[in-house]
Structure formats: C-alpha cells, structure tokens
Amino acid sequence: MSDTMTRPATGGGKATRPMIEVKDAHKSFGAIEVLKGIDLSVERGQIVAIIGPSGSGKSTLLRSINHLESLDRGEIWLDGVQVNAPLTGKAFERHINAVRQRMGMVFQHFNLFPHLTVMENVTLAPRLLQGLSGEAVRARAEKLLDKVGLADKAEAYPSRLSGGQKQRVAIARALAMEPKVMLFDEATSALDPELVDEVNLVMKQLAQEHMTMLIVTHEMRFAGEVADRVLFMDGGVVVEEGPPDRIFTAPKAERTRAFLRKYLRD
Amino acid sequence: MGLDFSVVPEYAHFLWIGVVWTTVLTVSAALLAFFGGILFAMIVLYAPRLLAWPTRFFVWLFMGTPLLLQLYLIYFGLSQVGIDVPALVAGIVGLGLHFAVYNADVIRAGIVAVDPGQNEGARSLGLSRAQSFRYVIIPQAVRSVTPPLGNNLIALLKDSALVSVLGVAELVHASQLAISETYRPFEFYITAAALYYLLNLLLEAGLRAVERKVEATR
Chain A
1 MSDTMTRPAT GGGKATRPMI EVKDAHKSFG AIEVLKGIDL SVERGQIVAI IGPSGSGKST
61 LLRSINHLES LDRGEIWLDG VQVNAPLTGK AFERHINAVR QRMGMVFQHF NLFPHLTVME
121 NVTLAPRLLQ GLSGEAVRAR AEKLLDKVGL ADKAEAYPSR LSGGQKQRVA IARALAMEPK
181 VMLFDEATSA LDPELVDEVN LVMKQLAQEH MTMLIVTHEM RFAGEVADRV LFMDGGVVVE
241 EGPPDRIFTA PKAERTRAFL RKYLRD
Chain B
1 MGLDFSVVPE YAHFLWIGVV WTTVLTVSAA LLAFFGGILF AMIVLYAPRL LAWPTRFFVW
61 LFMGTPLLLQ LYLIYFGLSQ VGIDVPALVA GIVGLGLHFA VYNADVIRAG IVAVDPGQNE
121 GARSLGLSRA QSFRYVIIPQ AVRSVTPPLG NNLIALLKDS ALVSVLGVAE LVHASQLAIS
181 ETYRPFEFYI TAAALYYLLN LLLEAGLRAV ERKVEATR
C-alpha cells in the first residue's frame, strides 16, 4: 500500500506501526519551555491516559498532536503520516486540514457552535468536507446522537443543554468525521461532579469499540478503569509510564508518588 | 406671534424633495459605510502590515475629526486642487467614509470577541480557515454586531443634515429654502424634525425586523 511506502522505516507495515507517534517534542511559550523532549507512541486500539499537575504540559502535548500548537522541534505522526510535515503556506494548510479530519478532538469547554442546532453541529464538518448527501450525513448523525443518548435533542440549541449533554454532543460531532483516533483534553474537568459519569460512560463505550484514544484527565479512577497505559507528566517531561495498576499502586518516581498522594487523598 | 402651520402645506413639495434627498443620501452613504466598514475591518484584522497600518491611521484620522470638517475638505478642499466633486457625491462619500470607520470598529470588535475555542473546534474537525470563518465565526459575529451597526445607521440618518452646508437640498436645506420665502423658521424646522423622527421610526422598525431574523436561531 502506498501509505506504508511513505514510511518504510517501520518495516513491518500496518500491524506494527503505531497509530500516534511523538518523537522528541519540544515546545516553548516565550521563555517557558512546556515540552522538553516528549516521546510517546500509541498503538492501534490502545487507550493511553496522560495525568499530571497543571502546567505539566499534558494539554500542550495533546494540542500539538492536532497541531493546534506547533512544535518548536520534534515530529508527530498519525498512522504513518507526519502531522507537522515540513510544508509551508497553502500546501501545509491543505495537509493539516486533511490530517485533522482523521483525528477527533474533544475540548474541556466543549466548543460547540452556539448558533447551530445539535444536529447541525454534528453534520457541519461531514457535510462540508466529505461531500456526502444531506440524507447520508443526517443518518450518520442520528446514529451517533443515539449512541451518546441524545437522539431527542437533535433540534435543540447548545444553550439548552447541560454540560454533560454538551460534551456528549461534542463527542458525537468529533465521531461524525469517522476519525481513526480520539483526543480528549480534560473532557470532564469543566463539568459538575454529577455530570461526569455520563460523559465517562460514552468514553468507555468507545473504548470497548477499540477506538484509539489519548486522554488527558484529572480523573484518576477513570484513567485506571479504561486506560491500557498511563503516562505521568511533570515539568514538560514524561516522568514515568506503565500499566495503570502499577502506576497507581507502585509508582517508582518520587514525583509520581507525591502527585498521587495529593490526588487520591480527596 | 403664534405658530401658524397653515403655510406648511403650500410648501409641502419643498419638504417632499427634502425627504427624497435625505433618503438618497442616507441609503447611499449607508451602503458605502456598510461595505466600507467590512473592508476596513478585514484589512485591519487580516491584511499585511503594509496595508493594515495605513488603514488604521486612516480610521484613526476619520474618527478623530468632525464630520463637518471632512465634508468641507472633500467638497471645497478637493475643488481647490482642481477636483470638482458634485455636492451630493461629496456628501455621500463624506458620510459614507465617516460611518464606514465606525462600522469597521464595530465589526472588528465583533469578530475578535468570538471565543477562540470556536475556531479551534472548527479547525480540529478539519475545516479550513475560510470555512471556519464562513460557517462558525461570521454567523456569531453577525449577531453581536447587528445592534451597534443599527445604532450607527440611525446616527448616519441624523448626521445627513450636515450635508445641507454643501447645498444639497436634503431636509434641513429644503426647510431653509421654504423659510427664506415665508420667514416661518419655527413651523418648518418643527415639521422637518417631525419628518426626521418619522424616518427614524421607519428605520428602527426595519432594524428590529433584521435583529429578530438574526436572533431567530439560538
């Protein structure tokens, strides 16, 4: 296949190629270096949770994967395609628009379009970008809204929804492009505690369907339940990573232990 | 000497001509102000510095000086250097540019005020910069800029009276012509004021209809 040829270095073809690969990512905002050389790889169907204190760089890392932040140094690969490809101007714009269509992103503050109904929020991108008929897109959106339990809200405007409902619409909107991976940037941090579960439930459902997911979260219990692997970031580096059981019960690094003590206490 | 409005009907055609020219001035200048406002806002926000900075200077100049002076400059000033602009055109250009500058500021602020997360949400789905602007940013900006643009339009209608100094027979100047024949300033100025008020009522009704349409989706 042509896409295996774009990256012969992996040699093994599709089966061994990671879905997401980050190599030596560096990023500074002014004088502050937020990413100090991050390496990360997420296999197809794998779920990786990134935890860490505020300002550790975990959100910046996630946003870099979608190129909402551009790296100063390093590479990001999505399924064999370099996200931050060495292109410029219009060529890069075309490239990144195509790449982003294969990555769903869910934001802390939902970022739903307030002037569009739930249905229009979900169908806007596929309608504009995939050249499908209105009917086909609508059918897909209905299925997705049903999946996140909001079929009856299709004609409502976002202002009529609770935070949990908004975030479920945002997930449906991202899924409508049929992405290969889903990125969650503190998807439940802005929600009232009693609304967190309904969003987590949808994410668990996606996990069962073997969606590749990268989740930045403050919910340790949720990370423990769904993640195959947990990364602990602090000060712009990955301090340690491993299966959730080990990270949560027997962390090796002192910084991880200190962070978890603080978080698991309450 | 009491007020005697019985002379007004006799000179109604003066006032009628005044209403027509005021309407022509207002509509033409408003169109120029609207599209000019969009153009200036886009340049200030998105054009390269070489274009954006002179435009910003121009905006600042037009905001910081009186409309009356701008009208004099366009009509009498240009004529001095050999460019003869008809009074009506000078009036339309002066009014139009003056309010284009105010509209540009309103539009710029309306676009900037849309939450950056909206653009990120759109771009993360793969929408291009232009698609995000067209389908996500603009519809939200339109909603917030419509009322202040409407206020500018009402101000434009009233300030069109200043064009009387160039000799355009709009409502104020037409009233003056009637007064010069009848020596009845109170009657004609009060009637002119009532006509301005009526025109504004019509305009406000129109603006409310537009605002309702814009806000229908929420």
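So the protein lines, in turn, are chains A and B. All letters in the first sequence, in the order written, are residues 1 to 266 by the UniProt record's numbering. All letters in the second sequence, in the order written, are residues 1 to 218 by the UniProt record's numbering. The beta carbon of each residue, even a glycine, is placed where N, CA and C say it ideally should be. All of these numbers come straight from a predicted model, not from anything done at the bench.
Asked                                                                                                                             : Found
Where GLY242 (chain A) sits in the DSSP three-state scheme                                                                        : strand
Those residues which DSSP pairs with PHE232 (chain A) across a bridge                                                             : A:ILE51 and A:GLU240
Status (buried if at least 16 other CB within 10 Å, exposed otherwise) for GLY11 (chain A)                                        : Reliability of the predicted coordinates at GLY11 (chain A) is poor, the pLDDT of 42 falling under 50, and the value obtained from them is presented with this limitation in mind. With fewer than 16 other Cβ atoms within 10 Å, it is exposed.
Euclidean distance between Cα positions of residue 219 (chain B) and VAL136 (chain B)                                             : The structure shown does not extend to residue 219 (chain B), since chain B spans only 1 to 218, so no value can be given for it.
4-residue-minimum alpha helix (DSSP H) runs that sit fully inside the stretch 30-75 of chain A, ordered along the chain           : 58-65
Beta carbon of ILE51 (chain A) nearer than 9 Å to that of GLY104 (chain A)                                                        : no
Residues of its chain near ASP159 (chain B), where Cβ-Cβ distance is below 7 Å and the 5 sequence neighbours each way are ignored : LEU67 and LEU95
Neighbour list for GLU93 (chain A) in chain B, Cβ cutoff strictly below 8 Å                                                       : SER128 and ARG129
Alpha helix (DSSP H) runs contained entirely in the stretch 58-97 of chain B, provided each spans 4 or more residues              : 67-72
Beta carbon proximity, ARG168 (chain A) to chain B, threshold 9 Å                                                                 : no
Coil, strand or helix - PHE107 (chain A) by DSSP                                                                                  : coil
Top-ranked residue by Cα proximity to SER59 (chain A), from A:ARG94, A:THR217 and A:GLU21                                         : A:THR217
Sufficient close CB pairs (3 or more, under 8 Å) joining the stretch 90-107 of chain A to the stretch 166-182 of chain A          : yes
Proximity test, Cβ basis, 9 Å: PRO114 (chain A) and chain B                                                                       : yes
Distance cut-off 8 Å: ARG143 (chain B) Cβ against heavy atoms of the ligand COA                                                   : This structure lacks the ligand COA, and indeed carries no ligand of any kind.
Residue range of the alpha helix (DSSP H) that includes MET177 (chain A)                                                          : First-last for MET177 (chain A): undefined, no H or E at that position.
Any C-beta of chain B under 9 Å from that of VAL22 (chain A)                                                                      : no
Contact between the stretch 168-188 of chain B and the stretch 5-16 of chain B (3+ Cβ pairs under 8 Å)                            : yes
Among A:GLY57, A:GLU209 and A:LEU40, nearest to LEU78 (chain A) - alpha-carbon criterion                                          : A:LEU40
VAL216 (chain A), enclosing beta strand (DSSP E) - first and last residue                                                         : 212-216
Coil, strand or helix - PHE5 (chain B) by DSSP                                                                                    : helix
Residue(s) in a DSSP beta bridge with MET182 (chain A)                                                                            : A:GLY104 and A:MET213
Buried or exposed (CB count within 10 angstroms, at least 16 for buried), LEU31 (chain B)                                         : exposed
Residue span of the alpha helix (DSSP H) that contains PHE133 (chain B), given as start and end                                   : Looking at the DSSP string, PHE133 (chain B) is not in any alpha helix (DSSP H), and its letter there is neither H nor E.
Closest by C-alpha distance to GLY164 (chain A), when choosing among A:GLU33, A:LEU112, A:ALA49 and A:VAL22                       : A:LEU112
Top-ranked residue by Cα proximity to residue 277 (chain A), from A:SER162, A:GLU241, A:GLN101 and A:VAL122                       : Outside the displayed range of chain A (1 to 266) lies residue 277 (chain A), so it cannot be described from this structure.
Stretch pair the stretch 24-41 of chain A + the stretch 192-199 of chain A: three plus CB contacts closer than 8 Å                : no
Separation of GLU33 (chain A) from LYS14 (chain A), as counted between CA atoms                                                   : Below a pLDDT of 50, predicted positions are generally treated as unreliable, and LYS14 (chain A), at 49, falls in that range; no measurement from the model is reported.
Contact under 9 Å by Cβ, residue 271 (chain A) with MET203 (chain A)                                                              : With chain A represented from 1 up to 266, any question about residue 271 (chain A) goes unanswered, as that position is not in the structure.
9 Å Cβ cutoff met for LEU231 (chain A) and GLU240 (chain A)                                                                       : yes
Contact with chain A by PRO139 (chain B), beta-carbon distance below 9 Å                                                          : yes
For LEU78 (chain A), the residue or residues it bridges with in DSSP                                                              : A:ILE20 and A:VAL81
Within-9 Å CB hit, VAL145 (chain B) to chain A                                                                                    : no
Min CB distance LEU214 (chain A) to chain E below 9 Å                                                                             : The displayed structure is made up of protein chains A and B, and chain E is not among them.
Bounding residues of the alpha helix (DSSP H) (the contiguous stretch that carries PHE40 (chain B))                               : 12-46
Residues sharing a beta bridge with ALA25 (chain A), DSSP                                                                         : A:ILE38
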